[in-house]
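Below is one structure, written out as structure tokens; the observations come after it.
Quick look at the structure:
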């Protein structure tokens, strides 16, 4: 069997060879040792904290800093349950995380035989905080499931994915896995939808942009779009840094202030990009913003378009691609009123914040 690998090794080989994984986070144990053999032989850097919660937060932080999915390699039972909080954090912040965890041998799955670290249904435990969570009883399903995970990470709203692999499956021998499928691309709105949104923008005398975490890879496109329409940009907490604080149109993370919320509600046109407009963004007792004018909402998640507000135009698409298409379709404005508004909001936020200290 010299030409074959253990399944645990084959998983790591596929991740490094086809998906560029070079660092993982977790704690080795008897349950996931075959995965760690693969890490050693593939030259992958394995970072081990004192507790799996740390592994999850490291993987989440890795995603924030590098833009790549964070990968956790965990043992069954407490190894996974210890990581639930960072998995939930990544889910709610829409960040990509791949969790590969060993689980009970296949002949004991769901039977309550009481093996070490047994859970009634490990995959079900985390399903509500993952894009998907599967138990992999057949090793040949792994290439398709890993490709499915990367499609979530790269062409949908990124969120954690959990694969529970029984110990006996990890120990099996198999041929080297090959990548399943081809690369997918993030959605872009139809030309007719872009045209409809552009008509609203061109007709408005002034606009405001609210940018959220969905813009983290679209800073340049956001700046170009805002400059073209002279729109002040309000950032949510997850979008801090997307637009430089020195940019004259950047109002900063000031959405929590009542005066600014009222200005936004009274605006002729508000363009909401990649944000839930959640209570954590608004801090206003759970009340949604009551927009008095037109709203254009851009989000990669179709279900997000009508949450907390009903937009005049909803665009399902990647933030960067959609903003670029809109910039090409609109008339450039030469006013500097947007810069004046952004400056006024920055000064108001500083005054309100400074008064608390």
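Numbering (my numbering), first residue to last: 22 to 378.
Beta carbons are placed, not taken as given, at the ideal position from N, Cα and C, and that holds for glycine.
In this text the structure is predicted, and so the values were computed from the model without any measurement.
Between the CA atoms of residue j and residue i - distance to the nearest angstrom
| i | j | result |
| --- | --- | --- |
| residue 119 | residue 113 | 15 Å |
| residue 108 | residue 80 | 9 Å |
| residue 69 | residue 194 | 26 Å |
| residue 346 | residue 218 | 10 Å |
| residue 117 | residue 97 | 21 Å |
| residue 190 | residue 178 | 30 Å |
| residue 22 | residue 192 | For residue 22, the pLDDT reaches just 43, beneath the cut-off of 50, and the residue's location in the model is therefore unreliable, leaving the point undetermined. |
| residue 308 | residue 332 | 17 Å |
| residue 171 | residue 204 | 9 Å |
| residue 271 | residue 363 | 6 Å |
| residue 330 | residue 288 | 15 Å |
| residue 281 | residue 103 | 40 Å |
| residue 142 | residue 276 | 41 Å |
| residue 310 | residue 46 | 40 Å |
| residue 101 | residue 182 | 13 Å |
| residue 312 | residue 34 | 51 Å |
| residue 173 | residue 207 | 10 Å |
| residue 368 | residue 56 | 53 Å |
| residue 240 | residue 340 | 10 Å |
| residue 42 | residue 209 | 27 Å |
| residue 186 | residue 202 | 22 Å |
| residue 160 | residue 327 | 40 Å |
| residue 264 | residue 244 | 7 Å |
| residue 84 | residue 75 | 14 Å |
Status (buried if at least 16 other CB within 10 Å, exposed otherwise) for residue i
| i | result |
| --- | --- |
| residue 51 | exposed |
| residue 27 | buried |
| residue 66 | exposed |
| residue 325 | buried |
| residue 286 | exposed |
| residue 86 | exposed |
| residue 301 | exposed |
| residue 304 | exposed |
| residue 354 | buried |
| residue 251 | buried |
| residue 372 | exposed |
| residue 262 | exposed |
| residue 73 | buried |
| residue 128 | exposed |
| residue 266 | exposed |
| residue 25 | exposed |
| residue 11 | Nothing about residue 11 can be read from this structure; the chain reaches only from 22 to 378. |
| residue 115 | buried |
| residue 359 | buried |
| residue 335 | buried |
| residue 315 | buried |
| residue 228 | buried |
| residue 374 | exposed |
| residue 123 | buried |
| residue 211 | exposed |
| residue 223 | exposed |
| residue 283 | exposed |
Heavy atom of the ligand HEM within 8 Å of residue i beta-carbon
| i | result |
| --- | --- |
| residue 354 | The ligand HEM is absent from the structure shown, which contains no ligand whatsoever. |
Identity of the residues DSSP links to residue i by a beta bridge
| i | result |
| --- | --- |
| residue 318 | 293 and 335 |
| residue 255 | 231 and 273 |
| residue 379 | Since the displayed the chain opens at 22 and closes at 378, residue 379 lies outside it and no answer follows. |
| residue 283 | According to DSSP, which records beta bridges pairwise, residue 283 is partnered with nothing at all. |
| residue 27 | 194 |
| residue 95 | 122 |
| residue 267 | According to DSSP, residue 267 bridges with nothing at all. |
| residue 153 | 182 |
Residue ranges of each alpha helix (DSSP H) within the segment 156–242, 4 or longer: Along the length of the segment 156–242, whole alpha helix (DSSP H) runs at least 4 residues long occupy 163–176, 188–192 and 212–224, reported in chain order.
Which runs of the beta strand (DSSP E) fall wholly inside the segment 52–93 and span at least 3 residues, in chain order? The segment 52–93 contains these whole beta strand (DSSP E) runs: 66–68.
Using 8 Å as the cut-off, can you tell me whether the segment 80–96 makes contact with the segment 145–163, which would need three or more C-beta pairs spanning the two stretches below that distance? In short, these stretches do not touch, since the Cβ pair count stays below three.
Assess contact between the segment 158–167 and the segment 195–208, defined as three or more Cβ pairs (one per stretch) separated by less than 8 Å. Is contact present? The segment 158–167 makes contact with the segment 195–208, as at least three CB pairs between them are under 8 Å.
Taking contact to mean at least 3 C-beta pairs separated by less than 8 Å, is the segment 342–359 in contact with the segment 207–223? Flag = yes, the segment 342–359 and the segment 207–223 touch.
On the three-pair Cβ rule with 8 Å, is the segment 54–64 touching the segment 29–38? Yes, the segment 54–64 is in contact with the segment 29–38.
Taking contact to mean at least 3 C-beta pairs separated by less than 8 Å, is the segment 232–239 in contact with the segment 293–306? Yes, since at least three Cβ pairs between the segment 232–239 and the segment 293–306 fall closer than 8 Å, the two stretches touch.
Check whether the segment 314–334 and the segment 251–266 are in contact - that is, three or more C-beta pairs closer than 8 Å. Counting Cβ pairs under 8 Å, fewer than three are found: no touch.
Which ranges does the beta strand (DSSP E) cover as unbroken runs of at least 3 residues, wholly within the segment 97–134, from first to last along the chain? For the segment 97–134, whole beta strand (DSSP E) runs of length 3 or above, ordered along the chain, are 118–124.
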